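Number of protein chains: 2
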Amino acid sequence: MSKKHYHHGNLAEDILNRAVQIIDEGGLGALTLRGIARDLGVSHGAPNRHFKNKAALLSTLATYGWHKVLEATLRADNVDSLDPRLSLNAMGRGFLRWALHNPALFRTLHHPDVARFADDALIEAMRQFTQAISDAVAATQTIGNHPGVPLEILSIYINAVPFGAAMFLIDPFLTHYEQSEIQDMDEEILIEQLINLVVPLK
Amino acid sequence: MSKKHYHHGNLAEDILNRAVQIIDEGGLGALTLRGIARDLGVSHGAPNRHFKNKAALLSTLATYGWHKVLEATLRADNVDSLDPRLSLNAMGRGFLRWALHNPALFRTLHHPDVARFADDALIEAMRQFTQAISDAVAATQTIGNHPGVPLEILSIYINAVPFGAAMFLIDPFLTHYEQSEIQDMDEEILIEQLINLVVPLK
DNA sequence: ATGTAATGTAGTCACTGTCTACTTTGTATT
DNA sequence: AATACAAAGTAGACAGTGACTACATTACAT
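Protein chains in written order, with our numbering: chain A, 2 to 203; chain B, 2 to 203.
Laid out in C-alpha cells, this is it:
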C-alpha cells in the first residue's frame, strides 16, 4: 500500500475491491481500468499485468460474485433444516438478503455483457449455483411440492423470485418513485414476506 | 435512405432501430454512436442532432421498450377476461413472450446505467407499467388471492417471476449450458408452465 | 550471488463521446 | 417567387479509454 514501493503487493485483489466500490458508487458505466489505476496510485498499464482485458476483470468479478452469493445462500440460518421447504425458504432469504446488501456484485452476475465473454471459471461458478438451487428444489418435490412440474422449470420459477425482486428493489428507478412504502419497511420483514410467497411454510 | 440526399429523412428513428439490432447482435457494450452513424452512412456527429448524448439515446430506447412491453402485456389474449386471475395470468404470458422475443429492448429496461440517468419520460413509462401490474394484482386480491399480503409486495412477487425467468432464459450463459432441456421445449408451453406457477388458474 | 520471471512504467495507437464552427437544405413568410 | 431562418448534416478537434509495446525495477529460486 505504501507509495514508496515499486511493487504494489497484491494489486489484483485491490483492483477487484476498488472495482466493486466504483460500481456501487457510479454503476458499471463508471468503471474504467485507468480510473482504478489512478485511484490505487499505480500506472495506467499496471492492471494489464493482472487482467488480460476489461472483460476478464468483469468475468473475475462475476465469478467471485457467484461464489459469494452461493455461500450466502447456503450459509443462511435454517438452510440445514431437515424440512426441505424450510431449507429452500432459508436459501431464498439468504440469496435476497445478499443481493440487497451487495448491489454492485449482484448486478454483474447476470450482466449480459459479462456473460457474453464468460470464461470457464465463470461458467463453472454459474453452473454450481444453479445446481445447488435445483437440488434444493428437487428435495421439496420429493415431499409433494408442485408435483408434475418439470424440475428445470420449477427451479427457474423459484430462482426468478428473489432475483427479480432484488433487481427491482435495487433499481435506481425506485429512488424516483415517491409513493413507495417499501423503502420504509424493515428489510427482514420485506424479505420474509417475499420469500414466503414463493416457498410457503404453510 | 438514398445516399444522394444531404438530409437523411428520419434519422432519429433509423438510429433507434439500428441500435436495437446492434444490441441484439453484440450486446449493449457493442453500441457506439459512431458505429451507428457509420452503419447508416452518415457523419459521426449527425446522431448528436437527435440525441443529446448516448445516455439520452439509451433512455429513449428504454422508454420505447417500456411502452412496448406494456402494450404486449395488456394486449395479450384473455387479458380482457372478467376473471382477474385469468387476466393477470394472460398479462404474465404476454410479458414473458415479449421479453423472449425482444431480448435487446428487454435488457435495456432495467439496465442500471440506463435507469441511473433516467429522464422524466422514462420514469413516467416505468411508473405506468408498475401501475398496470399493481392494478391487475389488486383485482385478484378482491376475489381472495393472497389475502393479507401488502399489495406492493405482492406486485413485486408477481412481476419478479416473468422478469427473472426472462432474464435467465435470454442469458448468454444458457448457451454454454448443455444439459438444459429448455432450449428444445415449445416456447408457449414453457411460458404457460412458468406463469401458471405464479398465477394458478386452479 | 545472480539471473530470470513477475510486476510496474512510459509511450503510443485507434477508437469513442462530445463540442464547435461551418455547410446544406427544407419551409414559412412576405 | 424570393428570401430569411431554423433544422439537419459535415468536418475537425479534444480529452479519455482500452490495449499494445519496449523498457525498468524488483522478488525469488537456484
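Glycine included, each C-beta is placed from N, C-alpha and C at the ideal position. Source: prediction; values computed, not measured.
_Given 8 Å, three or more beta-carbon pairs between the segment 112 to 132 of chain A and the segment 162 to 177 of chain B_ = A contact between stretches requires three or more CB pairs, one per stretch, nearer than 8 Å, and the segment 112 to 132 of chain A meets this requirement with the segment 162 to 177 of chain B.
_Amino acids of chain A, ordered along the chain, whose beta-carbon sits closer than 9 Å to that of residue 160 of chain B_ = What you label residue 160 of chain B is simply residue 159 of the second sequence in a count that begins at 1. By Cβ distance, chain A contributes 165, 166 and 169.
*Starting from the beta carbon of residue 128 of chain B, find every residue of chain A whose beta carbon is closer than 8 Å, and list them in chain order.*
As a position in the second sequence, residue 128 of chain B is number 127, starting the count at 1. Going along chain A in sequence order, the residues near residue 128 of chain B (Cβ under 8 Å) are 178.
*Rounded to whole angstroms, what's the CA-CA distance from residue 41 of chain B to residue 15 of chain B? Just pull it up for me.*
As a position in the second sequence, residue 41 of chain B is number 40, starting the count at 1. As a position in the second sequence, residue 15 of chain B is number 14, starting the count at 1. Cα to Cα, the separation comes out at about 8 Å.
*Apply the 10 Å Cβ neighbour rule to residue 10 of chain A and answer buried if 16 or more other Cβ atoms are within range, or exposed otherwise.*
If you number the first sequence from 1, residue 10 of chain A lands on position 9. So residue 10 of chain A counts as exposed.
*Taking only runs that begin and end inside the segment 88 to 121 of chain B, name each unbroken alpha helix (DSSP H) of 4 or more residues, in chain order.*
Within the segment 88 to 121 of chain B, the alpha helix (DSSP H) runs of at least 4 residues that lie entirely inside it are, in chain order, 104 to 110 and 113 to 116.
*Should the segment 24 to 37 of chain A be called in touch with the segment 75 to 88 of chain A, which here means at least 3 C-beta pairs below 8 Å?*
Contact fails: fewer than three Cβ-Cβ distances are below 8 Å.
*Interface residues of chain B facing residue 172 of chain A [CB-CB closer than 8 Å]*: One-based indexing of the first sequence puts residue 172 of chain A at position 171. For the C-beta of residue 172 of chain A, the chain B residues within less than 8 Å are, from N- to C-terminus, 111, 113 and 116.
*Unbroken alpha helix (DSSP H) run spanning residue 146 of chain A, endpoints*: By 1-based counting over the first sequence, the position of residue 146 of chain A is 145. For residue 146 of chain A, no alpha helix (DSSP H) encloses it, and the DSSP letter there is neither H nor E.
_Length at least 4, wholly inside the segment 46 to 90 of chain B: the alpha helix (DSSP H) runs in chain order_ = Within the segment 46 to 90 of chain B, the complete alpha helix (DSSP H) segments of 4 residues or longer fall at 55 to 75, listed in chain order.
*Can you check whether the CB of residue 113 of chain B is closer than 9 Å to the CB of residue 170 of chain A?*
Taking the first residue of the first sequence as 1, we reach residue 170 of chain A at position 169. Taking the first residue of the second sequence as 1, we reach residue 113 of chain B at position 112. Between residue 170 of chain A and residue 113 of chain B, the CB-CB gap reaches or exceeds 9 Å.
*In whole angstroms, what separates the C-alpha of residue 46 of chain B from that of residue 103 of chain B?*
Residue numbering aside, residue 46 of chain B sits at position 45 when the second sequence is read from its first letter. Residue numbering aside, residue 103 of chain B sits at position 102 when the second sequence is read from its first letter. Looking at the two C-alpha atoms, the distance is approximately 29 Å.
*Closer than 9 Å to chain A by CB, residue 154 of chain B*: Looking up residue 154 of chain B in the second sequence gives position 153. Taking Cβ atoms only, chain A reaches closer than 9 Å to residue 154 of chain B, which makes this a yes.
*Closest by CA to residue 166 of chain B, which one among B:63, B:97 and B:52?*
On the second sequence, residue 166 of chain B is found 165 positions in, with the first residue counted as 1. Taking only the C-alpha atoms, the option nearest residue 166 of chain B is B:97.
*Do you know offhand how far residue 239 of chain A's Cα is from residue 164 of chain B's?*
Given that chain A is displayed from residue 2 to residue 203, the structure contains no residue 239 of chain A and the question cannot be resolved.
*If you draw a straight line from the C-alpha of residue 70 of chain B to the C-alpha of residue 43 of chain A, how long is it?*
For the purposes of this step, residue 70 of chain B is taken as residue 69 along the second sequence, with counting starting at 1. For the purposes of this step, residue 43 of chain A is taken as residue 42 along the first sequence, with counting starting at 1. Straight-line Cα distance between these residues: approximately 46 Å.
_Quick check on residue 125 of chain B: does DSSP put it in helix, strand or coil?_
Taking the first residue of the second sequence as 1, we reach residue 125 of chain B at position 124. Residue 125 of chain B falls in the helix class under three-state DSSP.
*the segment 26 to 44 of chain A: which residues have C-beta closer than 9 Å to a C-beta of chain B, in chain order?*
Against chain B - using a Cβ distance shorter than 9 Å - the residues of the segment 26 to 44 of chain A are 27, 28, 29, 30 and 31.
*In angstroms with no decimal places, state the Cα-to-Cα distance between residue 151 of chain B and residue 48 of chain A.*
Within the second sequence, numbered from 1, the residue matching residue 151 of chain B stands at position 150. Within the first sequence, numbered from 1, the residue matching residue 48 of chain A stands at position 47. When only Cα atoms are considered, residue 151 of chain B and residue 48 of chain A end up about 48 Å apart.
*Taking the alpha carbon of residue 139 of chain B as the point to measure from, which residue in B:124, B:123 and B:157 has its own alpha carbon closest?*
If you number the second sequence from 1, residue 139 of chain B lands on position 138. Answer by Cα proximity: B:157.
_Check whether chain B comes within 9 Å of residue 94 of chain A, counting only Cβ atoms and requiring the distance to be less than that._
Along the first sequence, one-based indexing puts residue 94 of chain A at 93. Cβ-Cβ to chain B under 9 Å: no for residue 94 of chain A.
_Own chain partners of residue 200 of chain B with C-beta closer than 8 Å, once the 5 adjacent residues on each side are dropped_ = Here residue 200 of chain B corresponds to residue number 199 of the second sequence, with the count starting at 1. Answer for residue 200 of chain B: 86, 89, 90, 93, 141 and 159, listed in chain order.
*asked:* Determine, for residue 194 of chain B, whether the minimum Cβ-Cβ distance to residues of chain A falls below 9 Å.
replied: Taking the first residue of the second sequence as 1, we reach residue 194 of chain B at position 193. Closer than 9 Å to the CB of residue 194 of chain B there is at least one CB belonging to chain A.
*Do you know how far the Cα of residue 181 of chain A is from the Cα of residue 78 of chain A?*
Position 77 of the first sequence holds residue 78 of chain A. Position 180 of the first sequence holds residue 181 of chain A. The straight-line gap from Cα to Cα measures roughly 29 Å.
*Distance between residue 136 of chain B and residue 143 of chain B (C-alpha atoms, nearest Å)*: By one-based count along the second sequence, residue 143 of chain B stands at place 142. By one-based count along the second sequence, residue 136 of chain B stands at place 135. One C-alpha to the other measures close to 11 Å.
*Whose CA, out of B:74, B:72, B:106 and B:132, lies closest to the CA of residue 19 of chain B?*
Walking along the second sequence from the start, residue 19 of chain B turns up at place 18. When the alpha-carbon of residue 19 of chain B is set against those of B:74, B:72, B:106 and B:132, the nearest one is in B:106.
*Which residues, taken in chain order from the segment 68 to 95 of chain B, show a beta carbon closer than 9 Å to some beta carbon of chain A?*
Interface annotation for the segment 68 to 95 of chain B against chain A: empty, criterion Cβ-Cβ distance under 9 Å.
*Compare the C-beta of residue 98 of chain A against all C-beta atoms of chain B and say whether one is closer than 9 Å.*
Translated into positions along the first sequence, residue 98 of chain A becomes position 97. False, the Cβ-Cβ gap to chain B never drops below 9 Å.
_Can you tell me whether residue 30 of chain B is helix, strand or coil according to DSSP?_
One-based indexing of the second sequence puts residue 30 of chain B at position 29. In the three-state DSSP reduction, residue 30 of chain B falls in the helix class (H, G or I).
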